[in-house]
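Undergrad:
Residue numbers (full-length UniProt numbering): 1 to 205.
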């Protein structure tokens, strides 16, 4: 399963082509609300319990499921989220992600969104659409979408794409289609958006 994330789809060549074909509805509420979520967390120097409660409920406004937040009065949840917020240093380890996941609906999808808003430079949004695009699997992804190893491998692959000298081609196309400035979106969000919209289009088709 660890190697399943490595797919011919998640490469710079495919992403450049998909970005060119991308159709984005700039009035979509998800796209319009995104910068406000980012700004909320960026304005907070150090996360406190109330920020995680508010932030978790904000994130679940993007999701069809009702939130079951189990991080109340949990010092380790707060510590790990502040660790994730730091711009320097390594990513959270597998066991740390597992612990945070258990506090947020036991959902890697929900956790990935919260972490992305806390630190969009180092954490990316992850869901079943992204998993299908990145791995090439079809049908119900089942438990795989909740697999922390897959998420970590996804982040490693995204880092390779974002550091590729051809990445600016993808960014330029997406920013132009969204009619936003360069500093509005981080690279992981740009690439994730291309994957998500491409995969969602396949499902509609």
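Just so you know, even glycine gets a beta-carbon here, dropped at the ideal spot from N, CA and C.
Go through its chain and collect everything with a Cβ distance to residue 111's Cβ below 6 Å, but skip five positions before and after it.
TA: 100, 101, 104
Undergrad: For residue 133 versus residue 58, is the C-beta spacing smaller than 8 Å?
TA: Not in contact: residue 133 and residue 58 (Cβ atoms no closer than 8 Å).
Undergrad: Could you tell me the alpha carbon to alpha carbon distance between residue 85 and residue 119, rounded to whole angstroms?
TA: Residue 85 and residue 119: Cα-Cα distance of roughly 5 Å.
Undergrad: Under the rule that 16 or more other beta-carbon atoms within 10 Å means buried, what is residue 125, buried or exposed?
TA: With 16 or more other Cβ atoms within 10 Å, it is buried.
Undergrad: Using a beta-carbon distance below 8 Å, is residue 28 in contact with chain B?
TA: No chain B appears in the structure shown, which is made up of a single protein chain.
Undergrad: Would residue 94 pass as a contact of residue 53 if the rule is Cβ separation under 8 Å?
TA: no
Undergrad: Can you tell me the Cα-Cα spacing of residue 9 and residue 162, whole angstroms?
TA: Straight-line spacing of the CA atoms in residue 9 and residue 162 works out to 15 Å.
Undergrad: According to DSSP, is residue 118 part of a helix, a strand, or is it coil?
TA: Residue 118 falls in the helix class under three-state DSSP.
Undergrad: Okay, do the region 34-54 and the region 151-161 touch, 3+ Cβ pairs below 8 Å being the bar?
TA: no
Undergrad: Helix, strand or coil: how does DSSP classify residue 104 here?
TA: strand
Undergrad: Three or more beta-carbon pairs under 8 Å between the region 163-182 and the region 140-154, yes or no?
TA: no
Undergrad: Go to residue 173, then tell me how far its alpha helix (DSSP H) extends in each direction, as first and last residue.
TA: 167-178
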